[in-house]
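Asker:
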Amino acid sequence: MPFSSPGRALRLLLALSLAPALLAPTCEGDTSDPEAGEPVAVFELPRDPAMPFFDLPWPNDLRRTEEGFIDVRAFPNPRRVELLDTYREVMSTRLTGFSVSAPVYLRFGTSVDLASLPATPAATLEPGASVYLVDVDPESPTRGERRPVEVRYWAPQTSYWPGHALAVRPVHGMPLAGDTTYAVVVTDGVEALDGRRLRRSPDLTAILEPGRAADDFVEDARAVYAPALEVLDEAGVERDAILHLTVFTTQDPTGELLAARDWLAEQPAPEPIDDAWRWVEDTETYTLVHGAYPSPLFQSGEVPYTTEGGELTLGPDGVPETHGSYDARFALTVPRTEMPEDGYPLVLVAHGTGGDYETFVRGGTAEALASIGFAAMGVDQIHHGTRNPTASGPEGLVFNFLNPFAFRDNARQAALDVVQQARFAVANPVSDRIIASDPPVRFDPERIYFFGHSQGGLNGPIFLAIDDTAKGGVLSGAGGHLAIALVEKTEPLDIPDLVRLLLRVNNAELEDEHLTYEHPVFALLQTWTDVADPTNYVHMLFERPREGFAPKSILQTEGITDAYTPPRSIEALAVAAGIPLVGRELQPIPALELLDLGRVDGPVSGNVAGGEATAGLLQYDGGHFVAYGEDAQARILDFYTSFEDGLPTIR
Numbered sequence: 003m004p005f006s007s008p009g010r011a012l013r014l015l016l017a018l019s020l021a022p023a024l025l026a027p028t029c030e031g032d033t034s035d036p037e038a039g040e041p042v043a044v045f046e047l048p049r050d051p052a053m054p055f056f057d058l059p060w061p062n063d064l065r066r067t068e069e070g071f072i073d074v075r076a077f078p079n080p081r082r083v084e085l086l087d088t089y090r091e092v093m094s095t096r097l098t099g100f101s102v103s104a105p106v107y108l109r110f111g112t113s114v115d116l117a118s119l120p121a122t123p124a125a126t127l128e129p130g131a132s133v134y135l136v137d138v139d140p141e142s143p144t145r146g147e148r149r150p151v152e153v154r155y156w157a158p159q160t161s162y163w164p165g166h167a168l169a170v171r172p173v174h175g176m177p178l179a180g181d182t183t184y185a186v187v188v189t190d191g192v193e194a195l196d197g198r199r200l201r202r203s204p205d206l207t208a209i210l211e212p213g214r215a216a217d218d219f220v221e222d223a224r225a226v227y228a229p230a231l232e233v234l235d236e237a238g239v240e241r242d243a244i245l246h247l248t249v250f251t252t253q254d255p256t257g258e259l260l261a262a263r264d265w266l267a268e269q270p271a272p273e274p275i276d277d278a279w280r281w282v283e284d285t286e287t288y289t290l291v292h293g294a295y296p297s298p299l300f301q302s303g304e305v306p307y308t309t310e311g312g313e314l315t316l317g318p319d320g321v322p323e324t325h326g327s328y329d330a331r332f333a334l335t336v337p338r339t340e341m342p343e344d345g346y347p348l349v350l351v352a353h354g355t356g357g358d359y360e361t362f363v364r365g366g367t368a369e370a371l372a373s374i375g376f377a378a379m380g381v382d383q384i385h386h387g388t389r390n391p392t393a394s395g396p397e398g399l400v401f402n403f404l405n406p407f408a409f410r411d412n413a414r415q416a417a418l419d420v421v422q423q424a425r426f427a428v429a430n431p432v433s434d435r436i437i438a439s440d441p442p443v444r445f446d447p448e449r450i451y452f453f454g455h456s457q458g459g460l461n462g463p464i465f466l467a468i469d470d471t472a473k474g475g476v477l478s479g480a481g482g483h484l485a486i487a488l489v490e491k492t493e494p495l496d497i498p499d500l501v502r503l504l505l506r507v508n509n510a511e512l513e514d515e516h517l518t519y520e521h522p523v524f525a526l527l528q529t530w531t532d533v534a535d536p537t538n539y540v541h542m543l544f545e546r547p548r549e550g551f552a553p554k555s556i557l558q559t560e561g562i563t564d565a566y567t568p569p570r571s572i573e574a575l576a577v578a579a580g581i582p583l584v585g586r587e588l589q590p591i592p593a594l595e596l597l598d599l600g601r602v603d604g605p606v607s608g609n610v611a612g613g614e615a616t617a618g619l620l621q622y623d624g625g626h627f628v629a630y631g632e633d634a635q636a637r638i639l640d641f642y643t644s645f646e647d648g649l650p651t652i653r
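According to my numbering, the sequence shown holds residues 3 to 653 in order.
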């Protein structure tokens, strides 16, 4: 299911958006490293709106608007990037919580001794850790428990980094719980590089010692921090040992989409558009037919949301707002073998960027599945085929970061599209005027499966998590966590290069700007896209399924040189789902070891969910399309056929 070449439309869109940036004078940041600065953990309440944003740790429940949204309007934008202003504004009027996977930033007045910081995520769980992240939500079932984090320190002050910044990031694939309050605690075990004793800021001291006289800012901060401090007290944390602290509450990244799916599941099943049914051809192994059915649009505005619209919202009653529907064009292949009593097993196929509803036919997937008696069905993914009214390619429309709403919610719409596709397939037999059959050709509702590649591997895991129609599936080139893509994705476009242009970082500044997973702007974008990140959904596949849902079986493939979906992104998805590595280990995945999910030899069956499901990640020495290699194809087909045994097997 190949990608097309990089779209000229996307290149033009980027050129137009970035031209003013490249021509405008830049505002240079201070890149000095003042080693002899004040030995203080900087924590300053925002009495002055003009104070540096990171002088108060972020994220922080003290930074909220009067309406209760997170407030990032003062987030640094030193290069006056208009698009960054747009993201700051929409986030400050839409989001009620912070990211479950973005870094937390706390800064100091002088350089920190790296030897005094935890060296590994496991070290942050140790009782004497000098930096740790802990659940401090009084209503949380895991209150008082720590979560493993990566601790990074960056001394230089740059255009976007504050000086002497500590970045504390949840391990990729281990997002925090949604709608939960956490604290990052830095103890007096952290030391200054020059040996001076680091001291706590006066504002934080006033918050931690409620008997002191205080102004209104301190009193308000005490009220916000009080429940969290009580949990820390219960856990035996000595307030005198706290050097630095922030308390923040995460957003609920899945609630809106779950509500939209549940509403959709209650609607009458879609019926075929009669005049769209069409016999196309008979091959030796299958019959190909085309058709269409209505599918709702959950995004506002006019498709394809190039510069505006594209937002998915719930009404005051919790019901998703719909904006008409579109005709979902599909291709369906039916095996030319005798139909089982309950109907054919069916694989819903989601193509990659640049494909269309028939990609699975042209690429040989339909023939392979028909050879084992499986039907297959493909549709046009969002902004592909008849869903793209422009003359441009789909790349810049699907991953349209120039429109924050489309950038975030295209993936959520795409997941709901698959929900509707599954509902249609289960509810509707093939018209007997298209395929003469008595009884009519239909599909076994207990044998619906999924296959998603690349873009289809982004919305596919979300579909599998929120819906119960499919019993499991195969994920090819599927990943998660936006920050990884911003740092490592180089095909079909070099995303790191585009990011550098967008942020107006020139080559001379590149090393100091430290464009890593922990970059503050990447944290901002991750916060915005949490609701569309597959890593925030896949715990529902088999680890903690939705109430009433059975665990799903998953086979995932990874090409360790994949430039379209970076391997770390693929691995983050596996970690988030709890998918162990099966067979050859071509590169280690430390986070799986942290979860006690080491490599296992195949074959495996019933190895997750207490024996109720099968899951495995297969690593291959190759790129984005390793799932189409001979070995992977054999194992994928075997995986699908072995569902007949009750539990599938990964060999």
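We put the CB at the ideal spot given by N, CA and C, even for glycine. Remember, it's a predicted structure, so these values are computed and weren't measured experimentally.
1) With 16 other CB atoms within 10 Å as the buried threshold, where does A377 fall?
2) In its own chain, which residues sit with a C-beta less than 6 Å from the C-beta of V186, not counting the 5 before and 5 after it?
3) Since G380 sits in a beta bridge, which residues does DSSP pair it with?
4) What is the rounded straight-line gap between the Cα of S6 and the Cα of N390?
5) By how many angstroms is the C-alpha of W530 removed from the C-alpha of T207?
6) Suppose the cutoff is 6 Å on Cβ atoms and the five residues either side in sequence are ignored; what does the same chain contact list for F544 look like?
7) Do you know how far the Cα of I437 is from the Cα of V282?
8) Give me the residue from T388, L334, S373 and A370 with the minimum Cα distance to Q423.
9) Which residues bound the alpha helix (DSSP H) around S302?
10) Nearest to L503 by CA position, among D57, L47, L290 and R82, is which residue?
11) Rounding to the nearest angstrom, what Cα-Cα distance links P123 and I468 in this structure?
12) Closest to S478 by CA distance: which of Y622, R548 and L266 is it?
13) Which of the three DSSP states, helix, strand or coil, is assigned to T471?
14) So, helix, strand or coil for F45, using DSSP?
15) Checking 8 Å against the spacing of the C-beta atoms, do P108 and V226 come in under that value?
16) Going by beta carbon distance, what residues of the same chain come within less than 7 Å of A125, once the five residues before and after it are set aside?
17) Give me, in chain order, the residues of the same chain whose beta-carbon lies closer than 7 Å to that of W53; leave out the 5 immediate sequence neighbours on both sides.
18) Residues in the same chain with beta-carbon distance under 6 Å from I486, minus the five sequence neighbours each way, listed in chain order, please.
19) Based on the DSSP output, what are the partners of Y295 in its beta bridges?
20) Using the three-state DSSP reduction, which class does W279 fall into: helix, strand or coil?
21) On the criterion of 16 or more Cβ atoms from any shown chain inside 10 Å, does I638 qualify as buried, or is it exposed?
22) What runs of the beta strand (DSSP E), each 3 residues or longer, lie entirely inside the segment 67-119?
23) Any idea what DSSP makes of P442, helix, strand or coil?
24) Give a yes or no on whether the C-beta atoms belonging to A429 and I464 are separated by under 8 Å.
25) Under a three-way DSSP split, which group does L234 fall into?
26) Alpha carbon to alpha carbon, how far is D419 from A271? Give it in angstroms, no decimals.
27) Please identify the residue among P342, R586, F77 and S161 whose C-alpha is closest to the C-alpha of S439.
Answerer: Taking the coordinates as given:
1) buried
2) V106, L135, V170 and T248
3) A333 and V351
4) Confidence is the limiting factor: at S6 the pLDDT is only 30, short of 50, which leaves the residue's position unreliable and the question unanswerable from this model.
5) 32 Å
6) P553, K554, V610, A611 and A615
7) 11 Å
8) L334
9) Careful: S302 lies outside any alpha helix (DSSP H) and carries neither H nor E.
10) R82
11) 30 Å
12) Y622
13) coil
14) coil
15) Position check: residue 108 holds Leu in this sequence, whereas Pro was assumed. For L108 and V226, no; Cβs fall outside 8 Å.
16) A131
17) The identity of residue 53 in the sequence shown is Met, whereas the question assumes Trp. Same-chain partners within the cutoff: E46.
18) P568, R570 and S571
19) A330
20) coil
21) buried
22) 106-110
23) coil
24) no
25) helix
26) 13 Å
27) P342
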